[in-house]
Amino acid sequence: MNRMDLVEKIAEKNAISKAEANRILGTVIEEVMAAVKAGESLTLVGFGTFKLQDRPERTGRNPATGDAITIPAAKVPKFVPSSAFKAAVNCCCKK
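Per the numbering used here, residue 253 is the first one in the sequence shown, and the count goes up by one each step.
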C-alpha cells in the first residue's frame, strides 16, 4: 500500500474527497515529524509511539577495502508498535 492507496481508504471510510483526505494525512505526517524532530515522543494509543533515539558512534568496515572506519553518532527516528498493534498483526499469522 502506498500513500495514495491510504488516501483513497481514508476518503471512502469518512465520506470526504481524496484531496481533503490527502491534506489531512499530510498534516498528520508533518506533525509527527515535527514532534520527533523536537525530541518529543508521540504516542497514539492502540497504535504505537514515535520517538527519537540516539545511535552511538561505532566502528564499521569499508566492504571494498576492509579498512576500519568510524561511523559517527546520530539521532534516528524510531517507531515502537503498541501491544494492541502487535496482537492484531500476530493473530492472523499463526498456523
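C-beta: ideal position from N, C-alpha, C; glycine also.
The structure displayed is predicted, hence computed values, not measured ones.
Where residue i sits in the DSSP three-state scheme
{"i": "residue 342", "result": "helix"}
{"i": "residue 212", "result": "Look at the range of the chain in this structure, 253 to 347, and you will see that residue 212 is not part of it."}
{"i": "residue 254", "result": "coil"}
Selection from the options that minimises the alpha carbon distance to residue i
{"i": "residue 332", "options": "315, 326, 253, 301", "result": "301"}
{"i": "residue 273", "options": "326, 259, 325, 285", "result": "259"}
{"i": "residue 335", "options": "254, 322, 295", "result": "295"}
{"i": "residue 307", "options": "328, 322, 299, 314", "result": "328"}
{"i": "residue 276", "options": "285, 322, 263", "result": "263"}
{"i": "residue 338", "options": "314, 299, 312", "result": "299"}
{"i": "residue 326", "options": "309, 297, 266", "result": "309"}
{"i": "residue 285", "options": "304, 341, 297, 314", "result": "304"}
Suppose only complete runs of 3+ residues qualify. What are the beta strand (DSSP E) ranges in the segment 283-338, listed by chain order? 294-296, 300-307, 310-313, 320-323, 326-333
Touch test, the segment 287-305 against the segment 314-322, Cβ-Cβ under 8 Å, three pairs minimum: no
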